[in-house]
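Written out below as structure tokens is the structure these notes cover.
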Amino acid sequence: MLYYGIENHGGWSQMVTAGSVIVLEKGRSHKLVNLGAGIMEHLVIVSPPFDPDDVHEVKVDLISGFSYQTKNFPVGFPEPEDCFDGARILSYSLPPEFDLSIAFGWVRNDPACRKKPHYHKETREWVYVINGDVFLESWGMSFEAGSWLSITAGEEHGFTNLQPEALCLVAICSPKFSMEDVRYL
């Protein structure tokens with residue numbers, strides 16, 4: 011559960027689940043609370059870069075004394091897209107001032123549906139391997155879960171899933187992803 015605007019005692023809450031993307035404005039209080047019994051993995055992207063001295067704790071009992079309304083965030087769940095290469099993508103477009111896009115992708119291990127090597131004329135990609143093993147052909151290297159890859163504009167790349175299970179990736183693109191920027195070799 012994400013609690014937001016708590017210093018005003020009239021904030022709101024939003025249930026977050028796998029695949030949630032949330033934009034928090036500068037200067038607004040917030041607290042992410044794990045309501046489950048397991049570990050809650052989450053990825054936080056901060057701009058400008060994170061500074062621990064910029065964190066200010068707000069002492070509030072979230073369980074009692076405050077009313078929270080449920081609110082929908084401007085970044086909702088997109089419809090999954092099936093791509094020609096066998097991948098399934100959830101693609102998020104953030105507000106225009108960010109000029110970023112975030113996509114979650116699941117890549118099957120199907121030789122008939124391999125993504126062709128390509129590059130982006132303008133876009134830089136940061137790719138995080140959430141689950142599985144991936145081979146990056148242009149680098150001649152494989153990467154496992156927990157790996158970050160930085161792919162600059164103009165750099166050839168194509169991902170190959172090395173396991174029978176779906177490979178799960180998250181890609182952050184700047185400027186935001188556009189098919190018009192993809193160039194096939």
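Residue 126 in this note's numbering is what sits at position 116 of the sequence shown, and the numbering runs on without skipping anything.
Beta carbons: idealized from backbone N, C-alpha and C, even for Gly.
Might you give, ordered along the chain, the residues of its own chain that have their beta carbon closer than 8 Å to the beta carbon of residue i, omitting 5 neighbours on each side?
{"i": "H128", "result": "E166, H167, G168, V192, R193, Y194, L195"}
Can you find the residues in the same chain that come closer than 7 Å, C-beta to C-beta, to residue i, ignoring five residues on each side of it along the sequence?
{"i": "L146", "result": "F153, L159, H167, F169"}
{"i": "P88", "result": "L100, S101, Y102"}
Between the C-alpha atoms of residue i and residue j, what's the straight-line distance to the nearest angstrom?
{"i": "G115", "j": "V54", "result": "18 Å"}
{"i": "R38", "j": "V139", "result": "30 Å"}
{"i": "V180", "j": "I112", "result": "7 Å"}
{"i": "T162", "j": "E67", "result": "37 Å"}
{"i": "P62", "j": "F187", "result": "30 Å"}
{"i": "P84", "j": "E175", "result": "Reliability of the predicted coordinates at P84 is poor, the pLDDT of 48 falling under 50, and no value is obtained from them."}
{"i": "K69", "j": "E51", "result": "24 Å"}
{"i": "K41", "j": "S57", "result": "18 Å"}
{"i": "T141", "j": "S184", "result": "Correcting the residue type first, residue 141 is Asn in the shown sequence and not Thr. One C-alpha to the other measures close to 23 Å."}
{"i": "M25", "j": "M151", "result": "38 Å"}
{"i": "S148", "j": "D120", "result": "19 Å"}
{"i": "G48", "j": "A122", "result": "37 Å"}
How close, in whole Å, do the beta carbons of residue i and residue j come, if the pair is a contact with beta carbons under 8 Å?
{"i": "V137", "j": "L177", "result": "With 8 Å as the limit, V137 and L177 do not qualify as a contact, their Cβ atoms being about 11 Å apart."}
{"i": "K131", "j": "G164", "result": "7 Å"}
Note down, in chain order, each residue of its chain lying with its Cβ closer than 6 Å to the Cβ of residue i, except the 5 sequence neighbours on either side.
{"i": "M189", "result": "none"}
{"i": "L34", "result": "H40"}
task: At 3 residues or longer, and completely inside the region 110–175: list those beta strand (DSSP E) runs for me, N to C.
output: Listed in chain order, the complete beta strand (DSSP E) runs (minimum 3 residues) inside the region 110–175 are 111–117, 128–130, 134–141, 143–146, 151–154, 158–161, 169–171.
message: Can you confirm whether the region 90–104 touches the region 116–126 when touching is taken to mean that 3 or more C-beta pairs between the two stretches lie within less than 8 Å?
response: Remark: three or more beta-carbon pairs, one from each stretch, lie closer than 8 Å, so the region 116–126 and the region 90–104 are flagged as touching.
- request: Could you pull out every unbroken alpha helix (DSSP H) segment of at least 4 residues lying fully inside the region 23–79, listed in chain order?
  value: List check, alpha helix (DSSP H) in window: nothing returned.
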